[in-house]
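Notes for the one structure printed next.
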C-alpha cells in the first residue's frame, strides 16, 4: 500500500511547517489511516442517502391522490437533505483523511483531526519507546492488512484503550496499514537513534 | 403551486449556513493539505456535486415560481 505509507518526503515544503521539526530531523514516513476504517461512515451516509428515495415513493402516492401541490416543497427538502449529506460526508472524510502519523528519525507525531476547527498533535520521542505491538483482528483487517499499532512508552501516552491503563503511557493508533511493518520500522529507528545497531 | 416566500427564505438561510460550513472545510483542506495528496481532487469533486445540486434546484424553483 504505497499510497498509504509515503516515503522519501521533502520536508522542506512549507506544508510541513506546522510540525515544528527539530534541527536535523527528517520525515521518513507519512502514514495515513487505511480506507477500510472509513467504510462504516461511508455505508451509514449512503444508507441515509436512500431516505429521499422513500420520500419520492411517498410523494408518488400523494400525487396519485391529487395532492401534487406539495411536490415543490418535497424537491426543496430533498435538495437540502443532499446538500447536508454531502457536507456531512466531506466533514467525515476530512476527519479521516487528515488523521496522519508522521514518523521522523527522532519522533512519532500523531495528528488527530477532530471536527471542523479542532486538531490535536501528540508526539512521542523514539528514545521513549519501550515496546511496539501490532494488532490485526478480524476478517477485514486480516484480508486488507491493516490494524492497530500500540506503542508502549516510558512517558505519558495518549491511550484511548481502557484495557491498557497504568503509569506508563500507550500510544494506540487505529486503522493503520501494514502495522507489522510499521512496528518493525519503529523499533529499528529506535535502535538506530540509540546507536544499538552495531551491537547486535 | 408557487413556493411561498417563507419556504424560499428558509431554504436560503439553510443554504447560507451550509455554504459557510463548506467554506470553513475548504480553508481547512487548503491549510493542511500535503504535497501530492488527494485532498484537492476530493475537494473539486465535492464542489462540483454541491454546485450541481444547487443549480438543479435553482432551475426547478425558477420553473415553478
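Residue numbers (our numbering), protein chains in the order written: chain P, 2 to 201; chain D, 5 to 69.
Even for Gly, the Cβ is constructed at its ideal location relative to N, Cα and C.
Sequence-distant residues of its chain with Cβ nearer than 6 Å to residue i (five each side left out)
i: residue 114 of chain P; result: 96, 99, 100 and 120
Three-state secondary structure (DSSP) of residue i
i: residue 32 of chain P; result: strand
i: residue 137 of chain P; result: coil
i: residue 23 of chain D; result: helix
i: residue 99 of chain P; result: coil
i: residue 70 of chain P; result: helix
i: residue 123 of chain P; result: strand
i: residue 50 of chain D; result: helix
i: residue 31 of chain D; result: helix
Boundaries (first-last residue) of the beta strand (DSSP E) holding residue i
i: residue 1 of chain P; result: This structure cannot speak to residue 1 of chain P, because chain P is shown only from 2 to 201.
i: residue 43 of chain P; result: Premise fails: residue 43 of chain P lies in the alpha helix (DSSP H), 40-49, not in any beta strand (DSSP E).
i: residue 106 of chain P; result: Segment: none, residue 106 of chain P is in no beta strand (DSSP E) and carries neither H nor E.
i: residue 150 of chain P; result: 147-154
Assigned exposure category for residue i - 16 Cβ within 10 Å defines buried
i: residue 61 of chain D; result: buried
i: residue 44 of chain D; result: exposed
i: residue 21 of chain D; result: exposed
i: residue 66 of chain P; result: exposed
i: residue 32 of chain P; result: buried
i: residue 170 of chain P; result: buried
i: residue 33 of chain D; result: buried
heavy atom of the ligand NAD below 7 Å from residue i C-beta
i: residue 141 of chain P; result: What this structure holds is no ligand at all, so the ligand NAD is not there to describe.
Host alpha helix (DSSP H) of residue i (start-end)
i: residue 10 of chain P; result: Per DSSP, residue 10 of chain P belongs to no alpha helix (DSSP H) and is neither H nor E.
i: residue 57 of chain P; result: 52-65
Contacting residues, own chain, Cβ-Cβ under 7 Å from residue i (five flanking each side not counted)
i: residue 75 of chain P; result: 56 and 60
i: residue 20 of chain P; result: 103 and 110
i: residue 23 of chain P; result: 107
i: residue 47 of chain P; result: none
Any C-beta of chain B under 8 Å from that of residue i
i: residue 61 of chain D; result: Protein chains in the displayed structure are P and D, and chain B is not among them.
Cβ-based neighbour list, residue i, same chain, cut-off 8 Å, excluding 5 preceding and 5 following
i: residue 82 of chain P; result: 52 and 53
i: residue 228 of chain P; result: Because chain P in this structure spans residues 2 to 201, residue 228 of chain P falls outside the shown range and cannot be described.
i: residue 58 of chain D; result: 19
> Is the segment 129-142 of chain P touching the segment 185-196 of chain P, taking contact as three or more C-beta pairs under 8 Å?
Replying inline: yes
> Quick one: any contact between the segment 142-156 of chain P and the segment 55-65 of chain P, if contact means 3 or more CB pairs under 8 Å?
Replying inline: no
> Can you find at least 3 beta carbon pairs, one from the segment 17-31 of chain P and one from the segment 103-110 of chain P, that sit closer than 8 Å?
Replying inline: Result yes; three or more Cβ-Cβ pairs closer than 8 Å.
> Is the segment 20-28 of chain D touching the segment 36-49 of chain D in the sense that three or more CB pairs, one from each, lie closer than 8 Å?
Replying inline: no
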